[in-house]
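Some notes on the structure that comes next.
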Amino acid sequence: MLDYQQPDARGHFGPVNGSYFGGTFVAETLIHALDELKATYARYQHDAEFQREFRHELAHFVGRPSPVYHAARLSRELGGAQIHLKREDLNHTGAHKVNNTIGQALLAKRMGKPRIIAETGAGQHGVATATICARYGLECVVYMGSEDIKRQSPNVYRMKLLGATVVPVDSGSKTLKDALNEALRDWVTNVENTYYIIGTVAGPAPYPAMVRDFQSVIGEECLTQMPTQIGRQPDAVLACVGGGSNAMGIFYPYIPHEGTRLIGVEAAGEGLDSGKHSASLTRGTPGVLHGNRTYLLQDRNGQITETHSISAGLDYPGVGPEHAYLKDIGRAEYVGITDTEALEAFHRLCRTEGIIPALESSHAVAHAMKMAPTMRPDQHLLVNLSGRGDKDIGTVADLSNADFYCRPSCRGQSVKGGVSVVEMKS
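The numbering of the sequence shown is the UniProt record's numbering, which starts it at 1 and goes up by one.
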């Protein structure tokens, strides 16, 4: 087994090729807050009472362990390897994001921070954060790009129902990158009473390793579940990669198991050579963004370039620094799936297995669908189904030119207990 001990005490992943990924590249005003967080996490990471409360919440509030499901009909139609799905979509709030938000919110309570801020792209991290803040009685402010607000409106409403304030961000490309910029500005201003729950394995140390640790419950469960189902570990584990939290969550416990390939699937958008994608690992170069050194989509002058993906959760120009390290040491492989291929996988999984996947997860499913026919029937692929696709059905309907009634009042229909838009206008 591979002896894997990353990152070092400074939050550096490496060295590899003479340099490191990760680290802490932030304004001086945030250094004290990060040092405080680092010390708090070190204190509670192995604390028995903290771990008991965390595991209790995962079991009784989230509904863990999430099952591994054999997609038998899909596998039979494709021919070749068997496809299994780790059902993170069945978690409370509908995605893997809730695992990490519970862990960080428990730290915030112990640090005496009553105000929580977060950023979100697809909205799943925002919903998970709003949910946990409601449960623990914490103020919640979520920054979200105005473009993402339009394409993920159901999740925006969920956050508001849960009591969160959603702040639209109109700068830049109006997506996740810009929301993260605004959240960092808020944190600098309100650092004394505010805890920033970062939703992915990126940002300054200790966030990449801390989020990974909270999400690694996914892979830990699989290490037990797969031998029960197939008598051994899978031949490959696949997961979509934007910032990369669901992928690190399932990859990390498998890193020492060198017989299992680790495959991260990025958003190739309209094609890796089109210039309209979000594939920072397969088309990016090392640089610094949002407090850490990692692979980025940038021009020759180091300016971040515009990104594109059908999936709001993958529409980000960087990636967690541990993925950069795993790529460069060759322990993980990273590939791209286009918008069209992800949409085809979305529809295929709906109709063969009765599961509506998130568009993010559909990228990983699409690559498994490519791999399976090239493999033997006694080989096994494990796909992390990181979230459910309810939030994406408006986007899919638009792209499919299908009628979609987002709510009855959209078409002037009356609502039981209320009045129609037509009546209100008259």
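We treat Cβ as the ideally placed atom computed from N, Cα and C, and that holds for glycine.
Simplified DSSP state of residue i, which is helix, strand or coil
| i | result |
| --- | --- |
| P357 | strand |
| Y295 | strand |
| I329 | helix |
| V62 | helix |
| K174 | coil |
| V422 | The pLDDT assigned to V422 is 44, lower than 50, so where the model puts this residue is not dependable, and the model offers no usable value. |
| V16 | strand |
| H125 | helix |
| P114 | coil |
| T101 | helix |
| P67 | coil |
| E306 | coil |
| H188 | The residue you asked about is not His; residue 188 is Val in the sequence shown. In this structure, V188 counts as helix in the three-state DSSP scheme. |
| V142 | strand |
| V156 | helix |
| T338 | strand |
| G22 | strand |
| R87 | strand |
| Q6 | coil |
| A81 | coil |
| A27 | coil |
| L289 | strand |
| Y41 | helix |
| Y196 | strand |
| P168 | strand |
| T93 | coil |
Neighbourhood of residue i by C-beta, 6 angstroms cutoff - its chain only, sequence neighbours within 5 removed
| i | result |
| --- | --- |
| Q5 | none |
| T131 | T93 and L162 |
| V26 | P204 and G291 |
| G389 | I356, P357 and A358 |
| Q82 | S75 and H380 |
| E220 | P253 |
| K327 | L281 and Y334 |
| H60 | none |
| D186 | I117 |
| I230 | H380 |
| P7 | F13, G22 and A209 |
| A122 | Q152, A312 and G313 |
8 angstroms Cβ shell around residue i - same chain, five flanking residues per side excluded
| i | result |
| --- | --- |
| D398 | F404 |
| E270 | K276, H277, H308, T338 and D339 |
| residue 427 | Only positions 1 to 426 of the chain appear in the structure, and residue 427 is not among them; the question remains open. |
| I329 | V16 |
| T224 | none |
| G137 | none |
| L34 | T24, V26, P204, A205 and P206 |
CB contact flag (residue i, residue j, <9 angstroms)
| i | j | result |
| --- | --- | --- |
| M111 | T40 | yes |
| L289 | G336 | no |
| G199 | T101 | yes |
| D178 | S311 | no |
| V68 | H84 | yes |
| I304 | L296 | yes |
| V217 | L382 | no |
| M369 | D235 | no |
| L106 | Y143 | no |
| I263 | E333 | yes |
| A128 | K86 | no |
| N155 | G126 | yes |
| H32 | V191 | yes |
| G242 | A267 | yes |
| G79 | P373 | yes |
| A108 | Y195 | yes |
| C140 | T120 | no |
| E88 | L343 | no |
Short CB-CB distance (under 9 angstroms) between residue i and chain B
| i | result |
| --- | --- |
| A268 | Chain labels in this structure do not include chain B; a single protein chain is all it has. |
Beta-carbon contacts of residue i that lie in its chain and below 7 angstroms, excluding the five residues immediately before and after
| i | result |
| --- | --- |
| R73 | T352 and E353 |
| S426 | With a pLDDT of 38 at S426, under the threshold of 50, the modelled position of that residue is not reliable, and the figure given next carries that caveat. Once the five neighbours on either side are set aside, S426 has no close Cβ partner at all. |
| P206 | G11, L37, K38 and Y41 |
| D170 | S146 |
| M424 | For M424, the predicted structure reports a pLDDT of 42, less than 50, and the residue's modelled location is therefore unreliable. The matter cannot be settled from this model. |
| V365 | A345, L349, P357 and V383 |
Near the ligand ATP: residue i beta-carbon under 8 angstroms from a heavy atom
| i | result |
| --- | --- |
| E353 | Inclusion of the ligand ATP in the displayed structure is not the case, the ligand content being empty and no account of it being possible. |
Where in the segment 200-282 do unbroken runs of the beta strand (DSSP E), each at least 3 residues long, occur, reported from the N-terminal end onward? 236-240 and 261-269
Residue ranges of each alpha helix (DSSP H) within the segment 343-397, 4 or longer: 359-371
Segment contact, 8 angstroms Cβ cut-off, at least three pairs: the segment 168-183 with the segment 206-219: no
With a cut-off of 8 angstroms, do at least 3 Cβ pairs link the segment 316-333 to the segment 9-28? yes
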